[in-house]
Amino acid sequence: MSTKPRILIVGAGLAGCLLARLLGRSGHEVLVCEGRNDPREKNYAQGRSINLAISERGIDGLTQAGLRDRLLERAIPMPGRMIHDRQGHSAFQSYSAGGDRAINSVSRSELNLMLIEAADEHDSVELRFGVRAVELEPSTGSVVFESINDGSRQTETADIVVGADGAGSAVRVALESALADFKCSQDFLDHGYKELSIPAVETGPHAPFAIEPKALHIWPHGASMMIALPNLDGSFTCTLFWPYTGEHSFEAVTEANVCDLFRTHYPDALPIMPELVAEYRENPVSPLGTIRCRPWHNGKVVLMGDSAHAIVPFYGQGANASFEDAVSLAREIEARPDDVPGALDAYYRDRVEHADAIADMALANFLEMRDHTGKRWFHYKKKLEQYLHRKLGDRFVPLYEMVSFTTIPYDHARKRAARQWRAVVIVFAALFVSLGLAAYGLSNILNQLFATGSS
Ligand SMILES: Cc1cc2nc3c(=O)[nH]c(=O)nc-3n(C[C@H](O)[C@H](O)[C@H](O)COP(=O)(O)OP(=O)(O)OC[C@H]3O[C@@H](n4cnc5c(N)ncnc54)[C@H](O)[C@@H]3O)c2cc1C
507 MSTKPRILIV
517 GAGLAGCLLA
527 RLLGRSGHEV
537 LVCEGRNDPR
547 EKNYAQGRSI
557 NLAISERGID
567 GLTQAGLRDR
577 LLERAIPMPG
587 RMIHDRQGHS
597 AFQSYSAGGD
607 RAINSVSRSE
617 LNLMLIEAAD
627 EHDSVELRFG
637 VRAVELEPST
647 GSVVFESIND
657 GSRQTETADI
667 VVGADGAGSA
677 VRVALESALA
687 DFKCSQDFLD
697 HGYKELSIPA
707 VETGPHAPFA
717 IEPKALHIWP
727 HGASMMIALP
737 NLDGSFTCTL
747 FWPYTGEHSF
757 EAVTEANVCD
767 LFRTHYPDAL
777 PIMPELVAEY
787 RENPVSPLGT
797 IRCRPWHNGK
807 VVLMGDSAHA
817 IVPFYGQGAN
827 ASFEDAVSLA
837 REIEARPDDV
847 PGALDAYYRD
857 RVEHADAIAD
867 MALANFLEMR
877 DHTGKRWFHY
887 KKKLEQYLHR
897 KLGDRFVPLY
907 EMVSFTTIPY
917 DHARKRAARQ
927 WRAVVIVFAA
937 LFVSLGLAAY
947 GLSNILNQLF
957 ATGSS
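Residue numbers for the sequence shown follow the working numbering, beginning at 507 and rising by one.
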């Protein structure tokens, strides 16, 4: 008779907690060790509200864990983008052809807390906080944890060790030094990000929100842009995605001139950001990068989420993709209790090409949001895509909709979008050629008629 493998998850972030919940539901013995202190304890709750856009893939993963309603009651739907120009005007662009599909703004800390509680509901799941993985022996699955509170050390072993410890993963580093064929690349943008806020208001057409709550707001200004996502308390979390150097950059803009810059480039945002100067001074600039590595496992230790594939946040898919990892890994572990290496390999093969695809698409979307969303032709391209989708249904689904509103695997969505556009170009080209030939034929007939008439 087969026994279920014992699982050690390093990191109680979004991916690690969903995996623990899924495995807990199927009766696996799971130990989750998290480097931070328990956010359920009052003193350790996070102060700043950083939010994420969760779309269909994330909702699907949480639904499989029985958590759909708990997610949606914490979410604000955003059915489109609100584009703000330098004159202070704004225009809404729907994300879907019917205008009825939405991505969801959710507080990251609220979501993490909800997942921690959900994982903890299972007797077979143990959560330990304030212990950081500091040493790992990938061949035996033995991990040394150090308490961040008193420095004490403890060693844990398991049949499967899951590295769900984020982009700076210690588990990935250990795997890299143990596997001769391990390949890893880290590419950082020459842009970083800084978080600011728009507080709730007491009066106004959208009160308690200062601006339209049902939209992801974008101020797209060439190489530098700002976005804002709504929070349930009426505030917005804004993120500046700016280059480190150059004219409109973190280097050039200081607390002394940040208001002047906002007056020129973000004129409608300035009056609703009373803490701008203090937040600009105090909040850090963090890097944005893509991490790709392979293989994701050695038959015992396995990577998931950002530890396996950190991506830039411009498609709003990092957490969504990490939730898909959790579902895939839980499914393979459940399906092959006697064959851990086989289960980890099946998960890796199921996910790796799709992680690569969303990494590429997220970089491409960075250029789209930065350079194109404010342009008229981009607006018409989106309108054409939505028109074709309305007329052709499933035969033409815009890439954004496939990524955000379906669970079609990322690489399949990307290839299908390319095929769809090729077909559209061929049809338009054929139409132009036919029209050209028809015009040419007509002019020949007319020429002959006039030639006959005048002879
Ligand atoms: C600015 C920004 C905006 C984003 N917006 C979106 C969005 O809109 N939509 C979306 O889907 N994604 C978004 N993402 C991506 C998303 O945040 C990540 O993809 C997601 O958090 C990955 O989850 P994870 O569990 O793999 O890693 P994390 O959430 O980073 O969790 C890792 C956990 O491991 C713990 N840990 C780390 N090291 C150790 C250690 N040595 N020992 C023990 N514990 C450890 C950490 O404390 C943490 O709790 C955004 C990212 C950024 C930077």
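No residue lacks a Cβ here, since even glycine has one placed at the ideal position from N, Cα and C.
Computed from a prediction, not measured in an experiment: that's the story for all the values here.
For Pro-726, the uninterrupted beta strand (DSSP E) run begins and ends at 722-727, by DSSP.
Here the alpha carbons of Asp-671 and Arg-531 stand approximately 22 Å from one another. Between ligand 1 and the CB of Glu-540, the shortest heavy atom gap is smaller than 7 Å.
The criterion of a C-beta distance shorter than 8 Å is satisfied by Ala-832 and Ala-521. In this chain, Tyr-699 is not harboured by any alpha helix (DSSP H); it is covered by the beta strand (DSSP E) spanning 689-704.
Of the heavy atoms belonging to ligand 1, at least one sits nearer than 7 Å to the Cβ of Arg-638. Exposed is the label assigned to Asn-953, since fewer than 16 other Cβ atoms lie within 10 Å of its Cβ. Rounded to whole angstroms, Gln-593 and Asp-766 show a C-alpha spacing of 14 Å.
With a contact defined as Cβ atoms closer than 8 Å, Ser-611 and Ala-559 qualify at about 6 Å.
Ranking Gly-822, Leu-633 and Leu-619 by CA distance to the CA of Ile-515 puts Leu-633 first. Counting C-beta pairs with one atom in each stretch, the segment 606-622 and the segment 558-578 have three or more that are closer than 8 Å, which means they touch. The alpha carbon of Arg-574 has as its nearest neighbour, out of Val-538, Ala-624 and Val-677, the alpha carbon of Ala-624.
Apart from the 5 residues on each side of it in sequence, Ser-755 sits with its Cβ closer than 6 Å to the Cβ of Trp-748 and Pro-749 in its chain, given in chain order. Following the DSSP letters along the chain, one finds Ala-670 in no alpha helix (DSSP H), marked with neither H nor E. Secondary structure in the segment 821-888: the alpha helix (DSSP H) runs of 4 residues or longer, each lying completely within the stretch, are 824-841 and 846-873 in chain order. With a contact defined as Cβ atoms closer than 8 Å, Val-650 and Val-807 miss out at about 14 Å. Distance check between Leu-873 and each of Gly-728, Pro-773 and Lys-887 places Gly-728 closest, using alpha-carbon atoms only. In terms of side-chain proximity, the C-beta atom of Ser-828 is found nearer than 7 Å to a non-hydrogen atom of ligand 1. Classified as exposed, Asn-763 has fewer than 16 neighbouring CB atoms from the shown chains inside 10 Å of its CB.
One Cα belongs to Ala-716, the other to Met-620, and the distance between them is close to 27 Å. For Leu-943, the number of other beta carbons within 10 angstroms of its own is below 16, and it is reported as exposed. Taking non-hydrogen atoms of ligand 1 into account, the C-beta of Gln-692 is found less than 7 Å away from none of them.
Within the DSSP bridge table, the entry for Ile-556 names no partner. In the structure shown, Glu-662 adopts extended strand secondary structure according to DSSP, grouped into three states. Within the segment 532-611, the complete beta strand (DSSP E) runs of at least 3 residues fall at 536-540, 557-560, 582-584, 586-590 and 596-600. Cβ atoms of Arg-769 and Leu-776 come within 8 Å of each other, at about 6 Å. In the DSSP assignment, Leu-617 falls within the alpha helix (DSSP H) that extends over 614-626. DSSP places Leu-782 inside the alpha helix (DSSP H), whose first and last residues are 782-788. The nearest non-hydrogen atom of ligand 1 is less than 7 Å from the C-beta of Gly-519. Ligand 1 has a heavy atom closer than 7 Å to the beta-carbon of Val-516. Taking C-alpha positions only, Trp-725 is separated from Ile-589 by approximately 6 Å. In the structure shown, the three-state DSSP call for Arg-512 is coil. Between Gly-710 and Ser-792 a beta carbon distance of about 31 Å is seen, past the 8 Å cut, so the two are scored as non-contacting. For Glu-757, the CB contacts under 7 Å within the same chain, skipping 5 residues up- and downstream, are Tyr-750 and Thr-751 in chain order. Leu-558 has its CB nearer than 7 Å to a heavy atom of ligand 1.
In the DSSP secondary-structure assignment, His-803 is bridged to Val-808.
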